[in-house]
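Taking it in order: structure first as structure tokens, then the write-up.
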Amino acid sequence: MTPDGIKSKDQDPSLSASALASSSSDLPTPPSPAHSHSDDDSISRASSLHSYHDPAESKRSPSANKAASVLSRQTTSSIKPPAITVPRKERRGLFAHVAVVREVTDAQHYSNKTKWSITFVIACAAAAAPLGSAIVLPALLDIAADFNASASVTNFSVAFYMLSLGIFPLWWSSFSETLGRRTIYLVSFALFIVFNVLSAVSTGIGMFIVMRLLSGGAGASVQAVGAGTIADLWEPKERGRAMGIFYLGPLCGPLFAPIVGGAMAQGLGWRSTQWFLVVYGGLTWIGILFCLPETLKKRRDVVAEAERDAAQEEEEKGKVARPQLQRVSTRQSVAQTSKKWAKLFHRCFIDPLSVILYLRFPAVALTVYYASIAFGTLYFLNISIQETFSKPPYNFSTTIVGLLYIPNSLGYLVASVLGGRWIDSIMKREARKAGRYDQKGKLVFRPEDRMKENAWLGAIMFPGALLWYGWCVQKGVFWFAPILANFFFGVGSMLVFALATTMLTEFMPRRASSGIAVNNLMRNLFSFTGAIAAEPIIAAIGNGWLFTILGVVSFVSGAAVVWSMGKYSSSWRGRMVEALGEA
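With the numbering used here, letter number 310 in the sequence shown gets 598, and the count goes up by one each step, no holes.
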């Protein structure tokens with residue numbers, strides 16, 4: 289796994305899919321100062337919003353632009369810049385000297401082999417938190433019986449776990465910009481191991497729910513920081529496929545977790561599922577220790593920033609003169625130090641919440657809302673599978689109930705593997721059709737290019753699958769029919785998840801972690817609601833009407849989002865860039 293630069297294969301020399309949004313890279317810091325100025329430094333190389341062609345270029349015909357693109361490919365070197373190794377003593381992150389993959393000054397200069405190796409490690413780490421959420425689903429009735437708790441209360445162990453997956457990444461992402469990606473991964477997975485040990489030895493339902501919440505929060509670090517690592521490694525034109533592979537981790541977790549959870553709960557008891565998470569977390573920690581170097585280009589020195597700001601405030605108030613002119617008294621020094629630590633606390637723990645302010649922009653709000661609707665319905669579905677198939681007329685065992693989650697996850701896998709390439713090809717097609725080329729003849733992409741027929745397919749497929757599933761189980765139809773519906777739900781919803789995640793990183797190219805964090809927060813709030821509300825609603829109105837309501841809401845929401853984004857996204861994005869520039 290040598291990170292030396294290599295000559296790239298024949299590739300379309302397209303610019304970033306976010307080239308039209310990348311003007312924000314030259315703007316002042318947006319409302320979330322907790323996130324790095326280098327979340328996606330590579331995107332800043334793609335020219336600003338209105339600079340991709342000059343007036344002479346705009347008069348050029350598409351065919352002439354294509355010819356220029358060909359000429360550019362022939363005349364422009366395709367050799368990657370050499371990967372410059374960081375000296376061992378200067379490498380960053382916990383235990384950096386033991387990493388097998390050496391750190392380089394720019395992670396995008398690694399060889400493709402090394403990039404894919406690191407992406408694989410991140411994908412495995414990203415599987416941990418979703419694995420923990422799904423592994424207990426087949427065993428919920430066993431957990432309720434062991435703790436003498438109701439089904440609704442036991443479902444809180446899933447609901448609060450999902451809530452932690454939405455909230456904790458806000459701070460993990462903030463800390464990663466100061467401490468680096470590697471340090472956050474190692475610390476968070478050490479905590480993941482500890483809290484799962486405590487979950488396994490819980491003596492009551494209250495302790496179990498709290499430990500589940502904390503273990504979910506620890507494993508959630510990869511949900512936001514992992515996407516930032518992918519942005520560190522891959523150029524925008526390659527990122528669609530890399531993001532698809534990255535999401536194989538979170539999707540393989542739910543694929544295998546119910547199978548493992550059902551079998552282990554039936555054979556060894558539900559506590560064995562938590563010990564399985566301990567082992568998985570330990571293996572992941574070892575993989576990160578040896579195979580994941582620091583990829584963040586530049587860290588934020590929040591201590592220095594807080595100290596500087598505190599000193600400036602004191603100086604403005606006239607309490608502190610310049611050091612070379614007047615000695616600062618002990619009382620003044622204490623006041624300045626206290627203010628510095630107050631600002632440091634605010635930057636680290638309060639400022640990360642400001643990512644919520646990004647929801648004031650329609651392009652961000654609608655994209656996040658669409659993904660959240662899909663994710664919320666997923667947890668209505670997850671609880672329904674466990675509730676419905678463990679009772680008459682199906683009466684399946686815990687192991688069989690675990691197997692019933694497979695088709696859903698297989699749909700995720702199919703859409704993840706094929707969807708990334710499909711979306712990339714759609715973007716290239718749309719850019720060529722519009723004749724968008726920069727001065728070097730390279731294609732210029734827009735984030736909204738991703739939301740074409742693939743988005744409409746997702747908007748139709750997963751709501752239709754909800755209706756299909758709901759009425760099949762309501763009428764007690766043979767189990768294969770509703771489970772087949774779940775496969776199509778997986779395909780449709782994954783198209784939405786991947787689309788939303790990638791578009792958010794391109795709407796805010798210099799704030800990729802912020803976009804992912806606000807998306808995780810909102811969609812996990814929806815899943816929290818789904819996990820809590822599913823059981824009582826099913827008991828009240830049945831699966832048929834529940835999933836009819838969810839299907840109609842999902843379809844109307846999806847159609848409205850896809851249509852409005854296609855029509856207004858460009859102007860919304862321009863206003864967002866302008867607003868951030870004035871911030």
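The beta carbon of each residue, even a glycine, is placed where N, CA and C say it ideally should be.
In this text, all values refer to a predicted model and were calculated from it rather than measured experimentally.
message: So the candidates are I748, F456, T790, P751; which of them puts its Cα closest to the Cα of F733?
response: Position 445 of the sequence shown, counting from 1, holds the residue named residue 733. Per the Cα distances, T790.
query: What residue does the alpha helix (DSSP H) around N696 start on, and which one ends it?
result: In the sequence shown, residue 696 corresponds to position 408, counting from 1. Looking at the DSSP string, the run of the alpha helix (DSSP H) that includes N696 is 694-722.
- request: Ignore the nearest five residues each way along the sequence and tell me which others in S660's own chain have a CB closer than 7 Å to its CB.
  value: Here residue 660 refers to the residue found at position 372 of the sequence shown. M810, R811, F814.
- prompt: Between the beta-carbon of M853 and the beta-carbon of M739, is there less than 8 Å?
  reply: For the purposes of this step, residue 853 is taken as residue 565 along the sequence shown, with counting starting at 1. For the purposes of this step, residue 739 is taken as residue 451 along the sequence shown, with counting starting at 1. Yes, Cβ-Cβ distance for M853 and M739 is below 8 Å.
task: Please name the residue, chosen from T517, G516, R470, that lies closest to R379 on a Cα-to-Cα basis.
output: By one-based count along the sequence shown, residue 379 stands at place 91. Cα-wise, what sits closest to R379 is R470.
- prompt: How big is the Cα-Cα spacing for L772 and W851?
  reply: Counted from its first residue, the sequence shown places residue 772 at position 484. Counted from its first residue, the sequence shown places residue 851 at position 563. C-alpha separation (whole angstroms): 29 Å.
Reduced DSSP category for T393 - H, G, I as helix; E, B as strand; rest coil: To locate residue 393, count along the sequence shown from 1; it is residue 105. Coil.
message: For W558, report the span of its alpha helix (DSSP H) as first-last.
response: What you label residue 558 is simply residue 270 of the sequence shown in a count that begins at 1. Here W558 belongs to no alpha helix (DSSP H), and DSSP marks it neither H nor E.
task: Look up Y725 in the DSSP assignment and say whether it is helix, strand or coil.
output: Numbered from 1 along the sequence shown, position 437 holds the residue referred to as residue 725. If DSSP states are grouped into helix, strand and coil, Y725 belongs with the strands.
Cβ-heavy atom distance, F750 to the ligand NAP, below 7 Å: The ligand NAP is not among the ligands present in this structure, which contains no ligands whatsoever.
Rounded straight-line distance, which links the Cα of I423 to that of L536: As a first step, residue 536 must be located in the sequence shown, where it is residue number 248. As a first step, residue 423 must be located in the sequence shown, where it is residue number 135. Using only the alpha carbons, I get a separation of about 17 Å.
- prompt: So, is H385 buried or exposed, given that buried needs 16 or more other C-beta atoms within 10 angstroms?
  reply: Numbered from its first residue, the sequence shown carries residue 385 at position 97. So H385 ends up on the exposed side.
- request: To the nearest angstrom, report how far apart F448 and I804 are at their CA atoms.
  value: As a first step, residue 448 is located in the sequence shown; it is residue number 160 there, counting from the start. As a first step, residue 804 is located in the sequence shown; it is residue number 516 there, counting from the start. Rounded to the nearest angstrom, the two C-alpha atoms are 20 Å apart.
message: Counting C-beta neighbours from all protein chains within 10 Å, is the total for L571 16 or more, i.e. buried, or is it exposed?
response: Within the sequence shown, numbered from 1, the residue matching residue 571 stands at position 283. By the 10 Å Cβ count, L571 comes out exposed.
- prompt: If you check the beta carbons only, do G846 and G752 fall under 8 Å apart?
  reply: To locate residue 846, count along the sequence shown from 1; it is residue 558. To locate residue 752, count along the sequence shown from 1; it is residue 464. No.
message: At the level of alpha carbons, what is the spacing between T817 and F785?
response: The residue you call residue 817 lines up with position 529 of the sequence shown. The residue you call residue 785 lines up with position 497 of the sequence shown. Roughly 18 Å separates the two Cα atoms.
- request: Can you give me the Cβ contacts of K354 inside the same chain, cut-off strictly under 6 Å, excluding the 5 residues immediately before and after it?
  value: Within the sequence shown, residue 354 is the residue found at index 66, counting from 1. At K354 the pLDDT is 48, less than 50, meaning the model places this residue with poor confidence; the figure from the coordinates comes in the next sentence. Around K354: no qualifying Cβ.
- request: Ignore the nearest five residues each way along the sequence and tell me which others in A769's own chain have a CB closer than 7 Å to its CB.
  value: Here residue 769 is taken as the residue at index 481 of the sequence shown, counted from 1. Correct list, in chain order: C760.
message: Suppose you measure from the CA of T364 to the CA of K728; what does that come to, to the nearest Å?
response: Position 76 of the sequence shown, counting from 1, holds the residue named residue 364. Position 440 of the sequence shown, counting from 1, holds the residue named residue 728. The predicted model places T364 with a pLDDT of 41, which falls under 50 and marks its position as unreliable; any figure quoted below should be read in that light. Going from the Cα of T364 to the Cα of K728 covers about 9 Å.
task: Please name the residue, chosen from T517, L382, A545, K679, that lies closest to F534 on a Cα-to-Cα basis.
output: Numbered from 1 along the sequence shown, position 246 holds the residue referred to as residue 534. Taking only the C-alpha atoms, the option nearest F534 is T517.
task: Take G555 as the anchor and find which of A427, F649, A414, V779 has the nearest alpha-carbon.
output: Within the sequence shown, the letter at position 267 stands for residue 555. Of A427, F649, A414, V779, the residue nearest in Cα terms is A427.
message: Would A551 and T655 be called neighbours here (beta carbons separated by less than 8 Å)?
response: By 1-based counting over the sequence shown, the position of residue 551 is 263. By 1-based counting over the sequence shown, the position of residue 655 is 367. Taking 8 Å as the Cβ cut-off, A551 and T655 do not qualify as a contacting pair.
query: By Cβ distance below 6 Å, which residues in the same chain neighbour I694 in space, the five residues on each side in sequence not counted?
result: Counting from 1 along the sequence shown, the entry for residue 694 is found at position 406. The answer is none, since no qualifying residue turns up.
message: I'd like the list of long-range same chain contacts for A653, defined as Cβ closer than 7 Å, with 5 residues on each side in sequence excluded.
response: Counted from its first residue, the sequence shown places residue 653 at position 365. So the qualifying residues of the chain are L647.
field: Exposure label - S324; buried when at least 16 CB within 10 Å
entry: Taking the first residue of the sequence shown as position 1, residue 324 is located at position 36. For S324, the pLDDT reaches just 40, beneath the cut-off of 50, and the residue's location in the model is therefore unreliable, leaving the point undetermined.
message: Using only CA atoms, which one of P680, L754, L701 lies nearest to N670?
response: The residue you call residue 670 lines up with position 382 of the sequence shown. Of the candidates P680, L754, L701, the one whose C-alpha sits nearest the C-alpha of N670 is L754.
query: My guess is that G507 and G420 are in contact by the Cβ rule of under 8 Å, so how many angstroms apart are they, rounded?
result: For the purposes of this step, residue 507 is identified with residue 219 of the sequence shown, where counting begins at 1. For the purposes of this step, residue 420 is identified with residue 132 of the sequence shown, where counting begins at 1. Indeed, because the Cβ distance is near 6 Å, the residues count as touching under 8 Å.
field: P640 vs S452 beta-carbon contact at 8 Å
entry: In the sequence shown, residue 640 corresponds to position 352, counting from 1. In the sequence shown, residue 452 corresponds to position 164, counting from 1. No.
task: Would you mind sorting F383 into buried or exposed? The rule is 16 or more other CB atoms within 10 Å of its CB.
output: Translated into the one-based positions of the sequence shown, residue 383 becomes position 95. By the neighbour-count rule (16 or more Cβ atoms within 10 Å), F383 is not buried but exposed.
Distance between beta carbons of G528 and D712, contact taken as under 8 Å: The residue you call residue 712 lines up with position 424 of the sequence shown. The residue you call residue 528 lines up with position 240 of the sequence shown. Between G528 and D712 the Cβ distance is about 4 Å, and since that is below 8 Å, they are a contact.
message: Please report the straight-line C-alpha distance between V498 and S399, rounded to a whole angstrom.
response: What you label residue 498 is simply residue 210 of the sequence shown in a count that begins at 1. What you label residue 399 is simply residue 111 of the sequence shown in a count that begins at 1. Distance between the alpha carbons of V498 and S399: 43 Å.
message: Between the alpha carbons of G880 and C412, how many angstroms are there, rounded?
response: Past the edges of the chain, shown from 289 to 871, lies residue 880, and the structure says nothing about it.
message: Extract the residue ranges of the alpha helix (DSSP H) inside the region 722-781, only unbroken runs of 4 or more that lie entirely within it.
response: 741-762
message: Along the chain, where does the alpha helix (DSSP H) containing M796 start, and where does it finish?
response: Here residue 796 is taken as the residue at index 508 of the sequence shown, counted from 1. Counting along the chain, M796 falls outside any alpha helix (DSSP H), and DSSP gives it neither H nor E.
query: Does the distance from the C-beta atom of L731 to that of R720 stay below 8 Å?
result: For the purposes of this step, residue 731 is taken as the residue at position 443 of the sequence shown. For the purposes of this step, residue 720 is taken as the residue at position 432 of the sequence shown. Closer than 8 Å, so yes.
- prompt: Taking the alpha carbon of L632 as the point to measure from, which residue in K401, T466, G830 has its own alpha carbon closest?
  reply: As a first step, residue 632 must be located in the sequence shown, where it is residue number 344. Selected option, being the one with the closest Cα: T466.
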